[in-house]
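Taking it in order: structure first as structure tokens, then the write-up.
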Amino acid sequence: MAEVDVPAKRVEQLDRVVIRFAGDSGDGMQLTGDRFTSETAQLGNDISTLPNFPAEIRAPAGTLPGVSSFQVHFADYDILTPGDAPNVLVAMNPAALKANLADLPPGADIIVNTDEFTKRNLAKVGYAVNPLEDDSLDGYVVHPVALTSMTIGALADLNVPKKDAERAKNMFALGLLSWMYSRPYESTLRFLERKFAKRPELVAANQAAFRAGWSFGETTETFSIRYEVKPARMLPGTYRNITGNAALALGLVAASVRSKLPLFLGAYPITPASDILHELSKHKRFGITTMQAEDEIAAVGAALGAAYGGALGVTTTSGPGVALKGETISLAIALELPLVIVDVQRAGPSTGMPTKTEQADLNMALFGRHGEAPLAVIAPKSPSDCFHAALEAARIALTYRTPVILLSDNYVANGSEPWLLPQVAELPDLSVEFAREPNGEDGRFLPYLRDPETLARPWAVPGTAGLEHRIGGLEKADKTGDISYDPANHDFMVRMRAERIEAIPVPDVEVEDPDENARILVLGWGSTYGPIGAACRALRQRGLPIAQAHLRHLNPLPANLGEVLAGYDKVVVPEMNLGQLAHVIRARYLIDAVSFNQVSGLPFTAATLENMLEDVVKNG
Amino acid sequence: MAEVDVPAKRVEQLDRVVIRFAGDSGDGMQLTGDRFTSETAQLGNDISTLPNFPAEIRAPAGTLPGVSSFQVHFADYDILTPGDAPNVLVAMNPAALKANLADLPPGADIIVNTDEFTKRNLAKVGYAVNPLEDDSLDGYVVHPVALTSMTIGALADLNVPKKDAERAKNMFALGLLSWMYSRPYESTLRFLERKFAKRPELVAANQAAFRAGWSFGETTETFSIRYEVKPARMLPGTYRNITGNAALALGLVAASVRSKLPLFLGAYPITPASDILHELSKHKRFGITTMQAEDEIAAVGAALGAAYGGALGVTTTSGPGVALKGETISLAIALELPLVIVDVQRAGPSTGMPTKTEQADLNMALFGRHGEAPLAVIAPKSPSDCFHAALEAARIALTYRTPVILLSDNYVANGSEPWLLPQVAELPDLSVEFAREPNGEDGRFLPYLRDPETLARPWAVPGTAGLEHRIGGLEKADKTGDISYDPANHDFMVRMRAERIEAIPVPDVEVEDPDENARILVLGWGSTYGPIGAACRALRQRGLPIAQAHLRHLNPLPANLGEVLAGYDKVVVPEMNLGQLAHVIRARYLIDAVSFNQVSGLPFTAATLENMLEDVVKNG
Amino acid sequence: MASPTTVPPKLTAKDFKSDQEVRWCPGCGDYAILAAVQGFMPELNIPRENIVFISGIGCSSRFPYYMNTYGMHSIHGRAPAIATGLSTTRPDLSVWVVTGDGDALSIGGNHLIHALRRNVNLKILLFNNRIYGLTKGQYSPTSELGKITKSTPAGSADSPFNPLSLALGAEATFVARTIDSDRKHLQSVLRAAAEHEGSAFVEIYQNCNIFNDGAFELIKDAGTRDDHLIRLEQGEPITFGKDRQCAVVHPEGSFGLKVVEGSANALVHDATVDDPAYAFALSRLSGSDLNTTPIGVFRDVKRPSYDEIVQKQLVDAKAKVDGTPDEMLAGLLNSGDTWTIL
Amino acid sequence: MASPTTVPPKLTAKDFKSDQEVRWCPGCGDYAILAAVQGFMPELNIPRENIVFISGIGCSSRFPYYMNTYGMHSIHGRAPAIATGLSTTRPDLSVWVVTGDGDALSIGGNHLIHALRRNVNLKILLFNNRIYGLTKGQYSPTSELGKITKSTPAGSADSPFNPLSLALGAEATFVARTIDSDRKHLQSVLRAAAEHEGSAFVEIYQNCNIFNDGAFELIKDAGTRDDHLIRLEQGEPITFGKDRQCAVVHPEGSFGLKVVEGSANALVHDATVDDPAYAFALSRLSGSDLNTTPIGVFRDVKRPSYDEIVQKQLVDAKAKVDGTPDEMLAGLLNSGDTWTIL
Ligand SMILES: Cc1ncc(C[n+]2csc(CCOP(=O)(O)OP(=O)(O)O)c2C)c(N)n1
Ligand SMILES: Cc1ncc(C[n+]2csc(CCOP(=O)(O)OP(=O)(O)O)c2C)c(N)n1
Ligand code: SF4
Ligand code: SF4
Ligand SMILES: [Mg+2]
Ligand SMILES: [Mg+2]
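Chains as they are written, first to last, in the numbering used here: chain A, -4 to 615; chain B, -4 to 615; chain C, 997 to 1338; chain D, 997 to 1338.
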């Protein structure tokens, strides 16, 4: 019997690839993307991913609002963003094609599930003619694949219900892509076993679909080339792919462990912060208590009450929630108790676009309370950095007895990247000293007598005999903490509250300017680190010198910042808002910092920034 | 029968006097001060007053926290402040003396009620020896008067209960002071008739006490001199003495009348804003509805709901309340509906010092919401100016369909001054046009199609047939107002919301520099107008040139401000906060504005500012 | 409720459909409620422009977008407060609030109980799916104790509210319950609510087929329904069961109610008794388990609405009007101690 | 309630007086309550340092300053939320909340009903003077309908809450009422509250002699008191009147209660009946008019407290502890798909 002879396929080397999986909310694109990402991670590429959910829970099938996508960027060098434009689009239906086509560069590969290109589905998204049949896709390399029917076919003799068979089509697609990019797929097969442990027939079905996709790539003509992307040169160590929200939650767990304080999370669900609550609620064995409060005010109130009792009090939310917590945060400032407030920013104002990203809560974090109510503000720069930012927020809160606002955003929260796992022993020791003894003469306890070092007041928790005392939101006399209406005391306390935050030592800001010949500095904060970094690299590669500085600490600002900024002809501040950091920089250092703003709900692309900066570098 | 011969008394002319009435909360000092102020007003002096309440409702009698005082400054020229230091202190008990002594300049007159200087009362405030008996008051002119007993004596044959007789001692004091300063007292006698209409015996008692005080001055040796302060040269017209809260309430009534819109006030009581609610609740016949809501969030929510229905929606509160309203204000910004938010600022953070003044809510007003949430912010500069500021806030809200924050503070809210009553016909016409017709093609209504002039969207109120539409807090598509997640649209809308506020035309800022030779400009906002103005005058009188500019509009800022500031060698910004306006000025105009801050809960004294400014003028 | 300003040409359900594409998950109970409401609206005989739907945030709160009336999709939990301001100043409107179990009972609890206490003229429809839908499946204040959700992997630690008991404790004058899938019953309850002067609180059991599917199956499934669902009819004995063989009785000396076999001493339902103790006892018949679940109008009593009293105060005050607004304003400004300088 | 960690030397009322000068108006009912609480505290047999008083804002909320225990004078309406965080994480403490009718029922209404629903282990003392004291006399959610105050010169337009009915509608497990001036009774109620596991809600009628003087005179004045005040005693027939000639009866077939002459069929009080319908009926006996006002413990039933369930979940979870915290953390960080680069 003659064997089917498989045409040998050409293998091409690539340094980087951007793939976007797009389909209906029901098509499991997030899972498909996750799996492809894991396989890719196993292989040692550097990775950056970006999911894109529809705002609705589940918009009507096949409609544009219902499209869900997942983009993964992987390379044989270290990368900073999920990529501007996909080289490959997997479109599970017409809606997915229409919604994503505009983002593709000419010549990109498009893999479409032809089974879904029915009259009805085409009509749903307003395609008069089938784009696979007219010339509208001429600029691209289209690979028509009957994903659904082939999947069903492949599972024919497994007699799984048709519905389940059809559902497995995303695994067929994954198998095909895994073949195209030579991904190791063992972990995926194992994953399917775990996922469907309770329903063996589905394990079989999905694994079969995956294999079918793989061998379809291997056997059919449609795909003449197979690609390889070699592992990236990354620091040795153990890695894990992680999203910002997951990293942030783990950072809080670490803060609890390293401070030896029980973590109490008071939270009210809100997109895109809810996952932190979900994650932390799984780790009760660390002594963590999570409370889903009746609203954001109760959530921060409960966290403050727990902090008063000696716990690491945390509340997680997004912009609208922070707006509600302002009055209670102001109380925490008056009480001078540790408190971590996490704001996973989303597009505003008001309800805005809950699933889109933005950096427009900086003003609120810095200035959004009545009276002079200063606190510390920090921001993570990437998904894995959320872990360290959370630790840092807890460190400041505990050491300096102050609320700290941690400004994450939807981009880092839901994006993912490989995370070089830290050695626990090397994490900072956050242990604190509760007050145990009276600190005043004749055995009196002075709750507002400060540590000359940190300017922090003693943390005397209920249960400590001899230190019974009362605190509250009314102005307090220096040292004694008694209610005081003395004008001089109020003036003193207002300035002291400002000074003690201003005096928190934070690391100097570092400048990245490899050739040390840049005259222009790009200053960023938070999640724009990736795109800014990528743009700067590209410019440097093209011989255009540019310096990059990125702020983790937004209040207080690094001591050397003024000096650093003064060293450049021009300072450009790209922000996903209308110039909130730029405003602070201008006020503080009186330099003519230039804002570059995009407030579209989407992260900057490296290209956008590269063009803008090129113009600045060339035309000053 | 020989007549008692009354020694003729010398009459001295003064240009200005500052009197402070101080006593126990129960002594009726506020009323005494009010009456003296009215009499003084009648006489045509210019006036400025400042009450000072204890924070507690009624602290234990005779204690320092229980002291309540009222200061009145009157002169034969126009004055700007209640006066730095009293020339005369009326101290109804030892606590009142102790609490106020420090504010007196050497040589000041002190009238003390000796009856209250008992061992017990002295002890209560920690006087070891009676200050009337040692030399501690040597530097002052002390007039010991047995106020209580003389009052009781004077009412002996009126057989009113002793308690009531004793209560009348404040009228005795008022009579005495009225004599000393030659005040017309008819209005006071009439006032007593009105006040005690239901209890004639009290009318008699209080009038008798008043007369007794008057003739005591006339007959006894203790007071050898009588003073006169001639009327001030003031613009012709009808005047009324008014507090800032009262003027603000009347301004809102006027806004309702002049816009022909029913006024709806949603408010939750809070010091020092409650009086606005109290005042407006009296004027239902103007079609005004006041609602005491369950909390501040409901208050602003109800006001917004009323605005949606076509009313002039207003909410009044203080700092902690604004902190709670942020999320709803953000919704109002997204809905682009008119809304007036009044913040009568008090000392913060948190509960702070509720009865003390501060200007520290400017940051919150400008920046205290999530997302890019711009709105208009204005501030009154004096008690009577609150009337005009309220009208202006309503004008901007109604014309530009935006929330407006009106930043009053405890100093203007409770202070009073003569108010030249405006002619109603000359008040601005605030009438608005509701949308009546579809504004899109084929009869479609586009709720976010803007007026090219004002950039305001149509105000289509429920009940208008054919304009049924839905609005909400999610991002809206330009023109149609439909929900939109389109990145370009969001970017456009964010910028449009910023631009439309920035584009609101506001009057140029005016500079007061009579000799036009100043190199230094003092820039202020809100209630610091008086003390800054007084300090500038004093400097000029001493030949030191200085210019003053004062901001009513804090967002948007006057178009000419940058240019004005650039015209001076130095710009000094005195604020009752840690430099919030200065921060904005520096960021916006990149000029090295110098902050001068006092955050003591008390207004600046003219002297404080004069010293500071003198130093700047002399030493640059 | 506020009577229409003018009587319009008869409208149909279609007239109440907006041009917005409905975006709930396929199979969501909200679709049925929307259809029922749109189908009922014409009965009101109120012109569309005089009807306003105000909601908070949640899947349920998307509702106003789909109604071709005036509407506001406000912020989480605040709809009752916003609607109060509108209703109080615009008695000519028919104001409806659409909310969810999280929106109304979690973050919005305070506004809800105060609206009910005041008896503001609002028709409040609470879509109770016992879960947070829009935020993808956390437990709500109506979820069963021990409920395992994304935010409570070890089970929730707090016992739920009984929304009707809470409303009754808050002095509600009209309290009812109905089910998304029973269009006829739903509309009968809407009818009663619409006729009620003051706050009408309507709990609608709604299936979230994505995050809490089948929560109400026991009282929906044709097989089990009859044994667990108790239909309250004004003036009728409270009986149920396939052959109405079960009844709700009021045991001598007890304050609560009991369910028994045999309809002999079935209690006769009267929603109009002034003392809320009766409706309260009824509300206790069903807890999380739904074992014996009354639906229908529990309580419907008269008490002057907040709107009515506020309007009366305005009318009384306006009796004192003594000139044009400008004249009255001039008078007001010139009141108190004034003096004139010539 | 949380049992003491150590048994201290017997304390006296004096030990619970702080060094702060008490600053209420002379004659304010708050003084009497303060004295009663300080007098009761030693009975708890809990060391001072394990007792915490948390309040909101209001005259009543000044309370913690005067107690020589741990204490927090927080912000308006939020005390129950703050106390929930403390109590949940510190089961060793005895946590008391002091609040006012505005603090607890107006701005703080939502936190109150949720604390009661959860049955958090808090002793909540609501000083009800039916007015806003600290802000100088506006009406409150417990003021009579039509009340004339600074903010309602034409009379308030909203009917008040019945705090006990509201608490019962919110699933409260312990509900009681007492009076500032009756020290013995007040302390007896504190005792019962302290012994209750979970939320104990105590309404204390308190006279504001400045802004609402005599609000409770009818049930305080020696001349009238006996005819209007009904003292509930567990297991005793509910009778009152100078010669106990009046009784509370439960008319056949009715859900509410009635007051009659003659104590023949007086209802026997039992606060432990599980169905809240009984306590609810009792709560309806008195409205604004105080005509027949029960005081004492209305309801006192067992339900696991929120704190208890949360602690149990923690204990269960900690059973899975498999190393030092650092080791467990390392394990957690290294979980999921990891890969190693050498
Ligand atoms: C201030 C604020 N907090 C939280 C959220 C997030 N959020 C939106 S809807 C919702 C709850 C939805 O549950 P429910 O009210 O029961 O409505 P459903 O989706 O179940 O119909 C939450 C927590 C928000 N939008 N705003
Ligand atoms: C957020 C906020 N809103 C309003 C206030 C003003 N305020 C303080 S106490 C109070 C109400 C007091 O009434 P109640 O709770 O009954 O306490 P009481 O003074 O009567 O004891 C109000 C409205 C505040 N301090 N904070
Ligand atoms: S999540 Fe649930 S409630 Fe929301 S739309 Fe989907 S099915 Fe309906
Ligand atoms: S105002 Fe009333 S409640 Fe407040 S302290 Fe005075 S008497 Fe007591
Ligand atoms: Mg729900
Ligand atoms: Mg009160």
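Ideal Cβ positions, reconstructed from N, Cα and C, are used throughout, including at glycine.
{"Query": "I'd like to confirm something about Asn1124(D): is its beta-carbon nearer than 6 angstroms to some heavy atom of ligand 4, or not?", "Result": "no"}
{"Query": "If we ignore side chains and look at the alpha-carbon of each, how far apart do Ala1032(D) and Val107(B) end up?", "Result": "40 angstroms"}
{"Query": "Pull up the distance between the alpha-carbon of Glu(-2)(A) and that of Arg206(A), whole angstroms please.", "Result": "Reliability fails at Glu(-2)(A), whose pLDDT of 43 lies under 50, so the model's placement of it is uncertain and no value is given."}
{"Query": "Should Pro1159(D) be flagged as near chain E, meaning a C-beta pair shorter than 7 angstroms?", "Result": "Absent here is chain E; the protein component of the structure consists of chains A, B, C and D."}
{"Query": "Give the residues of chain B in contact with Trp1020(C), contact being defined as C-beta atoms less than 7 angstroms apart.", "Result": "The contacting residues do not exist; Trp1020(C) stays about 14 angstroms from chain B at best."}
{"Query": "Measure the alpha-carbon distance for Ala1260(D) versus Ser1279(D) and round it to whole angstroms.", "Result": "22 angstroms"}
{"Query": "What number of angstroms, rounded off, separates the C-alpha of Ala601(B) from the C-alpha of Arg115(B)?", "Result": "38 angstroms"}
{"Query": "Assuming Asn40(A) and Ala302(A) form a contact by the criterion Cβ under 8 angstroms, report the distance between their Cβ atoms to the nearest whole angstrom.", "Result": "Not a contact, Cβ separation roughly 43 angstroms."}
{"Query": "Kindly indicate the opening and closing residues of the beta strand (DSSP E) around Arg15(B).", "Result": "11 to 19"}
{"Query": "Could you spell out where the beta strand (DSSP E) holding Glu1199(C) opens and where it closes?", "Result": "1196 to 1201"}
{"Query": "Using 10 angstroms around the beta-carbon of Pro315(A), count the other beta-carbons present and answer buried if the total reaches 16, otherwise exposed.", "Result": "buried"}
{"Query": "Could you list the residues in the segment 320 to 348 of chain B with a C-beta less than 7 angstroms from some C-beta on chain A, going in chain order?", "Result": "Gly321, Glu322, Ser325, Leu326, Ile328, Ala329, Ala342, Gly343, Pro344, Ser345, Thr346, Gly347, Met348"}
{"Query": "According to DSSP, simplified to helix, strand and coil, what is Thr1336(D)?", "Result": "strand"}
{"Query": "Name the chain D residues whose beta carbon is nearer than 7 angstroms to that of Ala54(B)?", "Result": "Arg1019"}
{"Query": "Could you check whether the Cβ of Tyr480(B) sits closer than 6 angstroms to any heavy atom belonging to ligand 1?", "Result": "no"}
{"Query": "Pick from Ile336(B), Val124(B), Gly282(B): whose alpha carbon is nearest that of Lys1314(C)?", "Result": "Gly282(B)"}
{"Query": "Quick one: complete alpha helix (DSSP H) runs, 4+ long, within the segment 1087 to 1167 of chain C?", "Result": "1105 to 1114, 1159 to 1165"}
{"Query": "Per the DSSP calculation, Ser403(B) is bridged to which residue(s)?", "Result": "Val339(B)"}
{"Query": "For Pro1247(C), which residues in chain B fall below 7 angstroms Cβ to Cβ?", "Result": "Residues of chain B passing the Cβ test: none, with the nearest at roughly 39 angstroms."}
{"Query": "At a Cβ threshold of 7 angstroms, is Glu428(A) touching chain B?", "Result": "no"}
{"Query": "Any beta carbon from chain C within less than 7 angstroms of Gln25(A)'s own beta carbon?", "Result": "no"}
{"Query": "Going straight from the alpha carbon of Arg162(B) to that of Ile1144(D), what length do you get?", "Result": "26 angstroms"}
{"Query": "Take Leu245(B) and list the residues in its own chain whose beta-carbon comes closer than 7 angstroms to its own, dropping the five residues that flank it on each side.", "Result": "Phe382"}
{"Query": "Determine whether the Cβ of Asp1026(C) lies closer than 7 angstroms to any Cβ atom of chain B.", "Result": "no"}
{"Query": "Is the shortest distance between the beta-carbon of Asn125(A) and the beta-carbons of chain B less than 7 angstroms?", "Result": "no"}
{"Query": "Anything in chain B within Cβ reach of Leu1130(D), meaning under 7 angstroms, just list it in chain order.", "Result": "Ile52"}
{"Query": "By Cβ distance, which residues of its chain are closer than 7 angstroms to Pro423(A), with the 5 residues on each side in sequence left out?", "Result": "Arg253, Leu386, Arg390"}
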